[in-house]
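What follows is one structure encoded as structure tokens, with my remarks underneath.
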Amino acid sequence: MFAFSSVWSLRKCGKHEEIVNAITFDEFQSCEFDSLISSCSITNADVQFNQVAAEDELPQDFSALEPNCSVPIVHLKSEILETDSLNLLTEDTYVDSHFTNLPVPLYASCVAGNLVEQLWNFAWPSAIALLHPSLLPVAVIGFFTKLVIIGGGPLIGKLMDHFPRVPSYICLNSVQAAAQLLSASMIIYAHSVPHSSTSSMLLRPWFIVLVLAGAVERLFGVATGVAMERDWVVLLAGINRPIALAKANAVLSRIDLLCEIAGASLFGVLLTKFDPVTCLKFAAGLMLCSLPIVVVLTWLTNKLSTGVLDRTKTSQTYCRTSTGESLPEDDNIVDIGLEAIKHGWKEYIQQPVLPASLACVLLYFNVVLTPGSLMTAFLTQRGLNPSIIGAFSGVCAFMGVAATFISADLVRRFGILKAGAVGLIFQASLLTLAVGVYWSGCLTQQSPLLFFLSLIVLSRLGHMSYDVVGAQILQTAIPSSKANIIGTTEVAVASLAESVMLGVAIVGNDASQFGFLAMLSLLSVVGAAWMFCRWLLNPTDEQRSLFSFDPHF
């Protein structure tokens, strides 16, 4: 055996192409060689061979091979094959060949799925709020949903890291659609029966089914989002192409926000013209129509990518079964779940950009100064016109779309890290003014109420700017082999934050307690800005290495 590090140069017709690979090799075992044979290829090289060896016909004497051009045949060291950083077929190659050809099916799939999801996120709290004048039912559903995400998020992430991308993504969408239909059915039934009190409604069988279905719907919805944003887009755009990755992130954010605008506005308009049951039936029909569209577009995306999405995520850890990182076969589901949660939290805490992630988590404590279920219920009980409530959610989403353009300019002006700080400080400042307006006691009049909502709308510029910038910070620092487990665990941590606030909302479920919840939400945003700025002002060596391209360093 022999070892070397080299730069291979292939010359043909005066053109110079370099394949830069530092290759060290000493020995390789059959496991590594089998993995290499099934996944390795050479692209963009016009090299012709007279002799081609099949996998089961590998010659013992490599010196007997005499190709027309001098391309060395090497043995790869097993330790190199087991590192997360090795990609013989580089992500750049995939991007140049496929990503630019896939905007329509990939993005159309996101539109079809997100439109229904965003419409339902606005529909169910509105329909529940019309059943009884209390924040309690919405808060209870949200609270138990967050608990399920906290416990199930890491397990779903671990399973996603061990199963093929496309089948698992289709399965997640199918289960989510089924849970949405079940939830819609329960709310439709609830509008057909009378309710004497909130406590009696919470004990009804239909409400228990609604809580369970809502929890499953959100868990699988979160999983599909993590798969697309933390895994698919990074694979297709290339982690080593920050500009292409930033553009892809911006497009996905715009799709999500535009769907939020369309979904909230559509259901708000429907509520002004039809009764809630008719509106819910329309939403259910939309769910049934969108699922086959998502499945077909997902299959088409995979077909056109010619193998990009079929690359198994376990190829990087193909021969690690002895280390215990594969799925255990003999343990029961409880042991697997507990181990997944433990592993997910361990990976999350050890990530190099933990403060940036925790700043994002702190923003999830803000459950009322945002176009969410509690704000929708609060405005509904204030007697605000449903079309105005829908317009509020839609304009908030529109400000998020504007933020995807502003964030790119902020990154050019300040760098990716300082851009995140600017977004957080901007959001904290405007929400401080909004809370001041609320405590002034003049929200009983429509003009101050609209001014209060306008401040929240403008604050979404800062929130979504950090959302886009923060996503790229995490994508840059987290290896693709851990993207799903860390991503779903982060969502679980964020859900823990939301569940705490929803627990507080359950205790203080009267609308008069909204000011107290607003103050807690404000403190969480201010805390996020402080934590991120402190991390930015005290960088570690690892931070400097990961973001060496940033002007801040």
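In the numbering used here, the protein residues as written are 33 to 585. We put the CB at the ideal spot given by N, CA and C, even for glycine.
Residue i versus residue j: straight-line alpha-carbon distance, rounded
i	j	result
glutamate 292	proline 186	26 Å
phenylalanine 458	serine 491	7 Å
asparagine 516	valine 328	23 Å
leucine 442	leucine 463	21 Å
proline 237	glutamate 530	25 Å
isoleucine 55	proline 511	At isoleucine 55, the pLDDT of 38 sits below 50, so the modelled position is not reliable; the number obtained from the coordinates is stated separately. Between isoleucine 55 and proline 511, the C-alpha separation is close to 21 Å.
phenylalanine 175	glutamine 150	19 Å
serine 580	glycine 447	11 Å
valine 326	glycine 535	35 Å
glycine 376	arginine 197	19 Å
leucine 244	aspartate 573	46 Å
isoleucine 505	leucine 289	20 Å
tryptophan 156	leucine 578	42 Å
serine 285	alanine 509	20 Å
methionine 431	alanine 460	16 Å
phenylalanine 397	isoleucine 420	25 Å
tryptophan 264	asparagine 281	11 Å
threonine 256	leucine 191	13 Å
valine 136	glycine 145	14 Å
serine 544	threonine 333	50 Å
serine 513	leucine 277	17 Å
leucine 167	methionine 218	19 Å
phenylalanine 195	alanine 259	12 Å
serine 479	leucine 485	10 Å
valine 266	leucine 138	13 Å
histidine 164	isoleucine 240	16 Å
serine 297	glutamine 575	42 Å
valine 557	glycine 452	13 Å
Residue i, DSSP secondary structure in three states
i	result
leucine 320	helix
phenylalanine 546	helix
phenylalanine 176	helix
arginine 414	coil
arginine 566	helix
aspartate 307	coil
asparagine 8	Residue 8 is absent from the model: the chain starts at 33 and stops at 585.
glycine 145	helix
serine 580	coil
serine 166	coil
serine 224	coil
proline 403	coil
glutamine 348	Caution applies to glutamine 348, whose pLDDT of 40 falls short of 50 and renders its modelled position unreliable; the model cannot decide the point.
valine 385	coil
threonine 572	coil
asparagine 205	helix
phenylalanine 437	helix
tyrosine 139	helix
asparagine 334	helix
leucine 329	helix
tyrosine 380	helix
proline 186	helix
phenylalanine 397	coil
leucine 554	helix
proline 196	coil
leucine 341	coil
Minimum Cβ-Cβ distance from residue i to chain D less than 8 Å
i	result
threonine 572	Here there is only one protein chain, and chain D is not present.
Expected contact under 8 Å - CB spacing of residue i and residue j to nearest Å
i	j	result
valine 170	alanine 429	20 Å between Cβ atoms; not a contact.
leucine 251	isoleucine 173	In fact, because the Cβ distance is near 13 Å, the residues do not count as touching under 8 Å.
leucine 147	glycine 295	6 Å
leucine 323	asparagine 205	7 Å
serine 425	proline 403	4 Å
leucine 268	proline 418	Wrong, their Cβ atoms sit about 39 Å apart, outside the cutoff.
valine 254	threonine 520	7 Å
alanine 503	glutamate 261	7 Å
alanine 435	leucine 493	5 Å
isoleucine 188	threonine 330	That belief does not hold up - the Cβ atoms of isoleucine 188 and threonine 330 are roughly 18 Å apart, past 8 Å.
phenylalanine 299	glycine 422	7 Å
serine 553	valine 400	5 Å
Quick check for students: name the residue ranges of the beta strand (DSSP E) that lie wholly in the region 444-480, counting only runs of 3 or more.
Counting whole runs of 3 or more residues, the region 444-480 contains no beta strand (DSSP E) stretch at all.
At what residue ranges does the region 479-542 contain a whole run of the alpha helix (DSSP H), taking only runs of 4 or more?
515-539
Would you be able to state if there are at least three C-beta pairs under 8 Å between the region 566-574 and the region 464-476?
Segments in contact, no.
Take every Cβ of the region 487-505, pair it with every Cβ of the region 449-458, and state whether three or more of those distances are shorter than 8 Å.
yes
Jot down the residue ranges of each uninterrupted alpha helix (DSSP H) in the region 235-307, minimum 4 residues, whole runs only, in chain order.
237-258, 265-269, 274-305
Report yes or no: do three or more beta-carbon pairs, one from the region 545-553 and one from the region 206-223, lie closer than 8 Å?
no
Across the region 330-338 and the region 471-489, are there enough close Cβ pairs to call them in contact, namely three or more that are closer than 8 Å?
Fewer than three beta-carbon pairs drawn from the region 330-338 and the region 471-489 are found closer than 8 Å, and the two stretches are therefore not classed as touching.
Whether or not the region 152-167 and the region 300-310 are in contact is what I'm after, with contact meaning three or more pairs of Cβ atoms, one per stretch, closer than 8 Å; do they touch?
They touch, by the three-pair rule.
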